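Engineer: Residue numbers (the working numbering): 17 to 413. Note that CB positions come from ideal geometry on N, CA and C, so glycine has one too. Predicted model only: the values in this text are computed from it and were never measured. Take this structure first; my questions come after.
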């Protein structure tokens, strides 16, 4: 019975020429469809090219990291370190008499509004609530981790103001917002406790560089005023003690020591010298990479790939300022080199021979003059802090 049902009629054993032609055509269509599908899937797996109109929609938001309440360590009462909520500014010329050329500042430019925040002030206050270019922002500084990050203060359509909670997570600053009293990790950029737990802060591109470099590049910048800030907190600008008058960074001895924060937990098992080295950290979705300042000082220009994205990392030894950029432009991946020996961070791309400012990512001459590379968000920190927060990080060697 089975063998009889399995027999195929003789008239169907040899397919007709028309059928074979149709089958060949069908297989060709299937091959084309598979190729198109593979191309589309490959294209969708990468962030859009900077020349595409969807550029602003590409936000490589990292996943939220769960922090246990027991991991937060209280070291000071809330507001023992007073955040700045009404910042006062001077012009570059007004600030020049009290600013040292090698003094570190956090520089921010938003919507044509350019401002600098001296680290010597931030080491005493850690947070500045400001409005720059019409945008409410928080300029934050954690001296234990040597990390500076600037965030938007808008969360879920609501404007927040931030203070210093007195708590640490992995030796890093924990902020709190005045509106909900939720707790926020600076390096993670997220709420770790309270009604806003899991919410994220939007990062803003900022620079950490020397006062000399910033004022030369931005002569019209405003500067967070030392004398005016002293009047707000001490009632006078005539404070003699350098530990309180912002003339020095009060943590300078800590930076030079082998101490690694206040909480010796999750510290990398390396030499004390290594863990205190500074890194430039890049975080794109789940992928993280750390670039040691010591390595960047030797190379100045790094063409790399992170999370499938061709990236450019640049570093100026003189100002100790670095930046990250997307290397793609108009569908082409550019490769960069120093333009010539001794020239301070002026780059040349191999594809068009255009010259670029290595810290701004703008072409200054050649076929691409005036074009701009998309800036990537990067973070400076001590290695021990970056590693404790992001143990799966890759390291550029």
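#1: Name the DSSP bridge partner or partners of residue 217?
#2: Cβ of residue 161 within 9 Å of Cβ of residue 340?
#3: For residue 72, which residues in the same chain have their Cβ closer than 6 Å to its Cβ, ignoring the five residues on either side in sequence?
#4: Report the start-end ranges of each alpha helix (DSSP H) in the segment 331-358 that is 4 residues or longer and not cut off at the edges.
#5: Per DSSP, what are the beta-bridge partners of residue 365 in this structure?
#6: If we count the other Cβ atoms within 10 Å of its Cβ and call it buried at 16 or more, is residue 364 buried or exposed?
#7: Taking 9 Å as the threshold (C-beta atoms), are residue 394 and residue 383 in contact?
#8: Please state whether DSSP places residue 269 in a helix, a strand or coil.
#9: Determine the direct distance from the alpha carbon of residue 199 to that of residue 385, and round the result to whole angstroms.
#10: Name the residue from 297, 181, 156 and 243 whose alpha carbon lies nearest to the alpha carbon of residue 209.
#11: Suppose contacts are defined by Cβ-Cβ distances below 9 Å. Is residue 124 in contact with residue 223 by that definition?
#12: Can you tell which of 370, 117, 366 and 92 has its C-alpha closest to the C-alpha of residue 231?
#13: I need the DSSP call for residue 206, collapsed to helix, strand or coil.
#14: At which residue ranges does the segment 79-142 contain complete beta strand (DSSP E) runs of 3 or more residues, listed in the order of the chain?
#15: Can you tell which of 401, 106, 350 and 247 has its C-alpha closest to the C-alpha of residue 235?
#16: Consult DSSP for residue 243 and reduce its assignment to one of helix, strand or coil.
#17: Under 6 Å Cβ to Cβ from residue 192, same chain only, skipping five residues before and after it: list those, please.
#18: Just the C-alpha distance for residue 150 and residue 99, rounded to the nearest angstrom, thanks.
#19: Answer with buried or exposed for residue 273, where buried requires no fewer than 16 other C-beta atoms within 10 angstroms of its C-beta.
#20: List the DSSP bridge partners of residue 175.
#21: Go ahead and label residue 164 buried or exposed: buried means 16 or more other beta carbons lie within 10 angstroms of its beta carbon, across all protein chains shown.
#22: How would you write the range of the beta strand (DSSP E) that residue 298 sits in, first residue to last?
#23: Quick one: grab the DSSP three-state call for residue 412.
#24: Give me the Cβ distance between residue 312 and residue 347, rounded to the nearest whole Å; I'm assuming they're in contact under 8 Å.
#25: Can you tell me which residues form a DSSP beta bridge with residue 397?
#26: Within a Cβ cutoff of 7 Å, which residues of the same chain sit near residue 93, ignoring the five residues on either side of it in sequence?
#27: Between 108, 173, 402 and 240, which has its C-alpha nearest residue 146's C-alpha?
#28: Less than 9 Å between the C-beta atoms of residue 335 and residue 229, yes or no?
#29: Does residue 310 come out as helix, strand or coil in the three-state DSSP assignment?
#30: When DSSP labels each residue in this structure, what does residue 186 get in the three-state scheme?
#31: What do you get for residue 259, buried or exposed, if any count of 16 or more other CB atoms within 10 angstroms of its CB means buried?
#32: Check for me: the alpha helix (DSSP H) holding residue 373 runs from which residue to which?
#33: Express the C-alpha separation of residue 110 and residue 61 in angstroms, rounding to a whole number.
#34: Which same chain residues end up closer than 6 Å to residue 104 when comparing Cβ atoms and leaving out the 5 residues on each side of it in sequence?
#35: Considering just the uninterrupted stretch of the alpha helix (DSSP H) at residue 229, what are its terminal residues?
#36: Taking 9 Å as the cut-off, decide whether the C-beta atoms of residue 16 and residue 167 are in contact.
Structural biologist: From the atom records:
#1: Looking at the DSSP assignment, residue 217 forms no beta bridge with any residue, so it has no partner.
#2: no
#3: Note that residue 72 scores a pLDDT of 33, beneath 50, so its modelled location is shaky; the value from the coordinates is reported in the next line. Cβ neighbours of residue 72 beyond the five flanking positions: none.
#4: none
#5: 352
#6: buried
#7: no
#8: helix
#9: 45 Å
#10: 181
#11: yes
#12: 117
#13: strand
#14: 88-90, 105-107, 120-126 and 129-134
#15: 106
#16: helix
#17: 179, 181 and 199
#18: 20 Å
#19: exposed
#20: 170
#21: buried
#22: 294-300
#23: strand
#24: That pair is no contact at about 28 Å.
#25: 295
#26: 182
#27: 240
#28: yes
#29: helix
#30: coil
#31: exposed
#32: First-last for residue 373: 371-373, but that is the beta strand (DSSP E), not the alpha helix (DSSP H).
#33: Because the pLDDT of residue 61 is 39, which lies under 50, any placement of that residue in the model is unreliable, and the question is left without a value.
#34: 241 and 244
#35: 227-233
#36: What is shown of the chain runs 17 to 413, which leaves residue 16 out entirely.
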